[in-house]
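Report on one structure; see the data block that follows.
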Amino acid sequence: MAGSLIKIDEEIVTSAVASVSLLGIDSTYDVYMVKGNNINLDTDGSLLFIRTAIDGTEQTTANYDKAAKLLKADTTFGNIAVVNDTFWYLDMILGTGTQEQGNFVSYLFNWNNSSEYSFITNESSFINSSAVLQGYQGGGVYTVAEAHNSMKIYANSGNIASGKFTLYGLKK
Amino acid sequence: MATNLEFIKSASGTSVSSLSVTDCFSAKYDVYTVVGRGDFTNSNAFIYLRFLDSGGSEVSASNYDYANLVMESYASFGESRTTNADHLERIVYSHNGNDFGFEINIYNPYDSSSYSFCQWQSGGRSSLGLVGIKSIGVLKQTATMSGIKIYNPTFTDINVSVYGVK
């Protein structure tokens with residue numbers, strides 16, 4: 000594992016931005032990893048989304064399928080199962096209160112392969128807008144066989160106030 | 000080519016009731032991957048985790064929240080959750096003599112202005128069969144953490160390695 004993770008792109012948000020684009024996915028690697036930490040949104044109750052993109056232009060068609068477990072520290076876990084959505088989740092409902100921040104790691108498979116669907120796995124740990132620890136654990140697929148070289152990460156409402164987002168490639 | 004998953008240190012023990020990995024967090028990284036393996040002598044026991052503060056002392060205050068999805072090969076999946084605990088629980092569930100393994104992602108432990116978040120996944124074998132666990136956790140303290148302590152059962156052997164994601 001050591002010596003096999005190569006940083007491709009990084010964006011550190013210190014003042015509010017509408018979205019983050021991470022670029023540089025190509026055929027060099029089959030598997031990529033994206034991580035985010037210390038993520039704060041500027042609108043209470045907003046969610047953090049991710050979409051595939053081509054040259055930084057997000058794909059908005061209803062081809063995003065996802066299935067996940069939403070772990071909750073205060074009550075029964077939830078299930079998320081959606082087909083033909085227009086986005087995937089990274090973190091769920093974030094708030095603007097103290098330490099209501101998100102952190103995640105996702106792995107990306109076949110994103111630059113024009114003959115395969117693009118897959119993603121999600122693991123996150125965050126404190127939501129009600130100050131409750133939650134975690135999104137699951138995966139997704141974009142059901143179009145096309146090559147993607149980038150991604151767009153954004154809030155469904157408002158802006159990303161702060162956070163660090165990094166894209167890595169895993170050596171073949 | 001420079002790489003961005005950097006080995007920091009490892010620790011190991013035999014016939015020990017706990018294992019600490021000290022001074023493994025620093026300002027150089029904000030995300031860490033911890034992997035471990037071993038076995039223990041107890042019957043159907045959980046492994047616990049506490050953070051070590053900047054002075055190396057374990058944080059035992061009731062500031063830990065966690066939630067676990069417990070996937071047993073011989074039963075329906077289960078959920079557990081606790082707020083304001085004095086440790087993170089269910090890192091692993093295993094049984095006397097059965098091997099286990101785990102991976103933990105830890106976010107912002109050295110950042111004194113942020114809580115320390117984590118998520119983990121593990122595999123062990125109880126006396127009845129395979130037990131997989133996927134979990135989240137947080138230490139609700141805005142303080143610098145320097146390491147971790149793994150404890151609860153008596154480990155026959157245990158090895159834990161910490162990597163920084165740069």
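So the protein lines, in turn, are chains A and B.
Each residue of the first sequence is one higher than the one before, starting from 0 at the first, in numbering that gives the first Met the number 0.
Each residue of the second sequence is one higher than the one before, starting from 0 at the first, in numbering that gives the first Met the number 0.
Glycine residues also receive a C-beta, built at the ideal position from the N, C-alpha and C atoms.
- Task: Counting only runs of 3+ residues fully inside the stretch 49-111 of chain A, write out the beta strand (DSSP E) ranges in chain order.
- Result: 63-71, 77-84, 87-93 and 101-108
- Item | Burial state of Met0 of chain A, where buried means 16 or more other Cβ atoms lie within 10 Å | Any answer about Met0 of chain A is weak, because its pLDDT of 44 lies below 50 and its placement is not dependable; what the coordinates show is given next. Classification of Met0 of chain A: exposed, given that the 10 Å Cβ count is below 16.
- Quickly, what does DSSP pair Asp156 of chain B with across the bridge? List them, please. B:Thr13 and B:Asp38
- Residues near Ile79 of chain A by beta carbon distance below 8 Å, same chain, minus five either side: Lys65, Ala66, Ala67, Lys68, Leu69, Tyr88, Tyr135 and Gly137
- Task: Taking C-beta pairs closer than 9 Å, name the residues in chain B that Glu122 of chain A reaches, listed in chain order.
- Result: Asn104, Gln118, Gln120, Lys133 and Ile135
- Query: Which residues of chain B have a Cβ atom closer than 7 Å to the Cβ of Asn127 of chain A, listed in chain order?
  - Reply: Per Cβ cutoff of 7 Å: no residues; Asn127 of chain A is ~11 Å from chain B at best.
- Return the chain-ordered ranges of every beta strand (DSSP E) run that is complete within the stretch 76-126 of chain B and spans a minimum of 3 residues. 77-84, 87-93, 99-106 and 115-124
- Message: I believe Asn107 of chain B touches Asp29 of chain B by the beta-carbon criterion, under 8 Å. Please report the beta-carbon distance rounded to the nearest angstrom.
- Response: 6 Å
- Message: Looking only at its chain, what residues have a beta carbon closer than 7 Å to the beta carbon of Asn155 of chain A, apart from the 5 residues adjacent to it on each side?
- Response: Ser45, Leu46 and Phe48
- How many whole angstroms separate the CB atoms of Val164 of chain B and Leu51 of chain B, which I take to be in contact at a CB cut-off of 8 Å? The Cβ separation is near 20 Å, so there is no contact.
- Would the beta-carbon of Thr40 of chain B fall within 8 Å of that of Thr153 of chain B? yes
- Query: Using a Cβ-Cβ distance under 8 Å, would Tyr28 of chain A count as near chain B?
  - Reply: no
- Where does the unbroken beta strand (DSSP E) through Ile11 of chain A begin, and where does it stop? Leu4 to Val12
- Query: Quick one: Cα of Arg50 of chain A to Cα of Tyr63 of chain A, how far?
  - Reply: 8 Å
- What separation, rounded to the nearest whole angstrom, lies between the Cα atoms of Gly54 of chain B and Glu115 of chain A? 51 Å
- Query: Does the beta-carbon distance from Val58 of chain B to Gln120 of chain B come in below 8 Å?
  - Reply: no
- Cβ separation of Ser14 of chain B and Lys148 of chain B, assumed to be a contact under 8 Å, to the nearest whole Å: With 8 Å as the limit, Ser14 of chain B and Lys148 of chain B do not qualify as a contact, their Cβ atoms being about 17 Å apart.
- Item | Distance between Ser126 of chain B and Thr97 of chain A (C-alpha atoms, nearest Å) | 43 Å
- Looking at Ile135 of chain B and Tyr65 of chain B, is the spacing between their C-beta atoms short of 8 Å? yes
- Message: Short of 8 Å Cβ to Cβ, which residues in the stretch 45-70 of chain B face chain A?
- Response: Asp64, Tyr65, Ala66, Asn67 and Leu68
- Message: Looking at the strands, I want to know which residues DSSP matches up with Thr120 of chain A.
- Response: A:Tyr106 and A:Gly138
- Message: Let me see if you follow: with CB-CB separation under 8 Å, is Ser113 of chain B close to chain A or not?
- Response: yes
- Item | Where Val33 of chain B sits in the DSSP three-state scheme | strand
- Taking all protein chains shown into account, decide if Ala61 of chain A is buried (16 or more other Cβ within 10 angstroms of its Cβ) or exposed. exposed
- Message: Distance cutoff 8 Å, beta carbons only. Does Gln58 of chain A sit that close to anything in chain B?
- Response: no
- Message: Just to confirm, is the Cβ distance from Ile132 of chain B to Tyr92 of chain B under 8 Å?
- Response: yes
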